[in-house]
Amino acid sequence: MPLSVRSRTAVGIPVAALATVLLPVTAHAEPAKPAAGTALVPKAPANAAATWMSSKLTDGSNAKGDVGLTADVVMGLASTDTGGAVQKKVTDWLEANAKGYIESKGGPGTVYAGGLAKLTLVAGIEHRDPKDFGGYDLVKTLTERLQPSGRFTDKSPSGDSSQQFTQALAVLALQRTGGAPDKAVDFIAGSRCSDGGYPLYFNAAPDKCSHIDSTGLAVQALLGSGRTAAAKPALNWLEKKQLPDGGFPDSFLGSAAKGNSNSTALAVQALAAGGRTEAAAKGVAWLRSRQVNCAAPQKDWGAVGFLEPKADGMALRATAQVVPALAGKSLAQVDAGDAAADLEEISCVPGGGTPGGNTGGGDGGTSGGDGDNGGTDGGGSGGNGGSGGDGSDNGGTGSDGGTDSGGGNGGTGGDGDDATTGGSDDDATDGGGNAPAPQAGYDSGGSGDVGGSGVQPVGNPGGSLASTGTSSLPLAATAGALLAAGATAVLVVRRRRTTL
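The sequence shown lines up with residues -29 to -1, 1 to 471 when you count with mature numbering (1 follows the signal peptide of the UniProt record, and there is no 0).
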């Protein structure tokens, strides 16, 4: 079934853009030749990314049967207010497959809290009844996994694999359904490391405590719950960990690690929501530099690569998690209520020589080169999963590499060149941050979908995260200036698997 694509007029175009000669190129036309020293980039990067990832869906409804990744895709679409018809079809598919995702391979009665929390978020974002979704009362089932300590845990014969992603996703999800219990939010706040960041695993060693992905998600949950003071030390820590080029690395890879799209997206969402506009804009500029531009084959336009602007086997997961950042949405702001039915047609403009993306408000800006900065359709951050899996707190090993935030099946090895043999894209580390090289209990890349114990767009549309977030236009202007100054992509050759 062909995807429906529409044209959309952007709003909020900066005055400077009025003096810019834009060369729109639809997805069905040959791109215009850019001026010397410039490159044609997607005019509205978030919407272009949404259109690209929708084209990769199987039967227009799912991401190769990967429930966690499919959930990432629909939340990414919702963040752009486009593709409402696709969102409905995808959410229908998720509802039909909810049972297998929540139970994973544990059998009847098993509940993986991360996967459960993620589906609860999807139901809220898509305005479905979370008390009747896929045969579950998601709210009741999730609340039943809340322990006296305030921690959400799994109910599984293989033990508990919950961690920070599980906790933050659950808090963000329940904020949409009447509010998260105070003790659940207190548990996040109380897990803070001595340096201000937040851990992936709650039993992390003091010298290896803080984790960028987990900190980004925890901050969004805290801000979405009105805990501004608790989030401040973590925001300070994130600013210190930002690389000079604007990206954020995998915390498990040491001080020499380069930035990746998923870690950067989560950190940017947190920074933008916390009012750290300059740092957030640097991160958005970095993300934009990882989007495939219009010099590539048309079928790849809009994709966001994990390490470089490349539509490879990792691109669908990376793109799905980055779209909310490009759209300028925190996890608490993503909502499908106003989505147009159609996807947006991809058009291209001169963008200053880098593969552009979005940074804030509407299209426009004059960030570099002879044209605009490639659009400023957002700010925030994408999503990023983590290591989750049976090897988190309980120390289990798990031959399939863990579980996707509690959902998903192991053993397939993922897709494309990003896959490893430690489990399917949807399990392994779908529940939490970036993991190091393959080890017992989690696979090599936890920057996965928001699923499982993972991360991603969700939250409370009416919560404090939305009210405390920075406006998109200042972020767009700053990111545009960074691109004009020559923010360049750092290409990392290490291949890694990104699941959640």
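Using N, Cα and C, we set each Cβ at its ideal position, and we do this for glycine too.
Note that the structure is a prediction, hence the values are computed from the model and not measured.
- Query: Should the region 273 to 290 be regarded as contacting the region 298 to 312, the criterion being three or more beta carbon pairs within less than 8 Å?
  - Reply: Result no; under three Cβ-Cβ pairs closer than 8 Å.
* Around the C-beta of PRO215, are 16 or more other C-beta atoms found within 10 angstroms, so that it is buried, or is it exposed? -> Burial state of PRO215 is exposed, judged by a 10 Å Cβ sphere holding fewer than 16 other Cβ atoms.
Problem - Whole-angstrom C-beta distance between ALA69 and residue 478, which should lie under 8 Å - result: The requested residue 478 is not part of the displayed model; the chain covers only -29 to 471.
For this session: Tell me where the beta strand (DSSP E) around LEU11 begins and ends.
Result: In the DSSP assignment, LEU11 falls within the beta strand (DSSP E) that extends over 11 to 13.
Segment limits, beta strand (DSSP E) that includes PRO16: Unbroken run through PRO16 is the alpha helix (DSSP H), 16 to 26; no beta strand (DSSP E).
In this structure, does DSSP put GLN292 in helix, strand or coil? Residue state, collapsed to three classes: helix.
Handout entry: 9 Å Cβ cutoff met for GLY121 and PRO79
Key = When the beta-carbon positions are compared, GLY121 and PRO79 stay at least 9 Å from each other.
| message | Taking the straight line between their C-alpha atoms, what separation do you get for ALA192 and ASP313? | response | When rounded, the distance between both Cα atoms is 31 Å.
Item checked: Contact check, ALA34 vs LEU87, beta carbons under 9 Å -> For the 9 Å CB-CB criterion, ALA34 and LEU87 do not form a contact.
| GLY225 to LEU209, Cα distance in whole Å? | Near 15 Å, if we compare the C-alpha coordinates of LEU209 and GLY225.
Taking the alpha carbon of LEU171 as the point to measure from, which residue in LEU145, ASP221, PRO204 has its own alpha carbon closest?
Nearest C-alpha to LEU171: ASP221.
What three-state label does DSSP hand TRP280 in the structure shown? Residue identity differs from the one stated: residue 280 is Pro in this sequence, not Trp. Note: PRO280 maps to coil in three-state DSSP.
ask   = According to DSSP, what are the bridge partners of LEU117?
value = For LEU117, which the question treats as bridged, DSSP gives the partners PHE123.
What does DSSP give as the partner residue(s) for VAL320 in the beta ladder?
Partner(s): VAL12.
Exercise. Would you tell me roughly how many angstroms separate the C-alpha atoms of ASP131 and THR81, rounded to the nearest one?
Key: C-alpha separation (whole angstroms): 11 Å.
Taking buried to mean at least 16 other C-beta atoms within 10 Å of its own C-beta, is SER133 buried or exposed? Burial call: buried.
Subject >> Which residues DSSP lists as bridging GLN262, in chain order >> reply: In the DSSP output, where bridge partners are listed per residue, GLN262 has VAL275.
Which whole-angstrom value is the C-beta distance of ALA160 and ALA201, which I expect to be below 8 Å? That pair is a contact at about 4 Å.
Near ARG(-22), what residues of its chain come up, given a Cβ to Cβ distance below 6 Å and the 5 sequence neighbours on each side ignored? With a pLDDT of only 41 at ARG(-22), under the threshold of 50, the placement of this residue in the model should not be trusted; the figure read from the coordinates follows. Correct list, in chain order: GLU315.
query: When you compare each of LYS14, VAL12, TYR169, THR53 to MET24 by their alpha carbons, which one comes out closest?
result: Ranking the options by Cα distance to MET24, first place goes to THR53.
Look up VAL305 in the DSSP assignment and say whether it is helix, strand or coil.
In this structure, VAL305 counts as coil in the three-state DSSP scheme.
Next item on the list: Pick helix, strand or coil for THR29, following the three-state DSSP scheme.
Entry: Reduced to three states, the DSSP call for THR29 is strand.
- prompt: Thinking just about the alpha-carbon of each residue, which of GLY168, ALA189, LEU194 is nearest to the one in GLN213?
  reply: When only C-alpha atoms are compared, the closest one is GLY168.
Along the alpha helix (DSSP H) that carries VAL45, what are the first and last residues, could you check?
If you look at VAL45, you'll find it in the alpha helix (DSSP H) that goes 38 to 51.
What three-state label does DSSP hand GLY77 in the structure shown? In this structure, GLY77 counts as coil in the three-state DSSP scheme.
Worksheet item: Roughly how many angstroms lie between the CA atoms of ARG259 and PRO16, to the nearest whole one?
Response: Straight-line spacing of the CA atoms in ARG259 and PRO16 works out to 8 Å.
Query raised in the report: Taking DSSP as the reference, what is the three-state secondary structure of GLU97?
Result: Coil.
Just tell me which of VAL45, PHE123, GLN240, LEU143 has its CA closest to the CA of PHE158.
-> If we check each option's Cα against that of PHE158, PHE123 comes out closest.
| query | Cβ of GLU316 versus every heavy atom of the ligand GDP: is any distance shorter than 8 Å? | reply | Absent from the structure shown: the ligand GDP. Ligands present: none.
Please identify the residue among GLY95, GLY246, PRO128 whose C-alpha is closest to the C-alpha of SER75. Nearest C-alpha to SER75: PRO128.
Distance CB(THR51)-CB(VAL294) smaller than 9 Å = Cβ atoms of THR51 and VAL294: closer than 9 Å.
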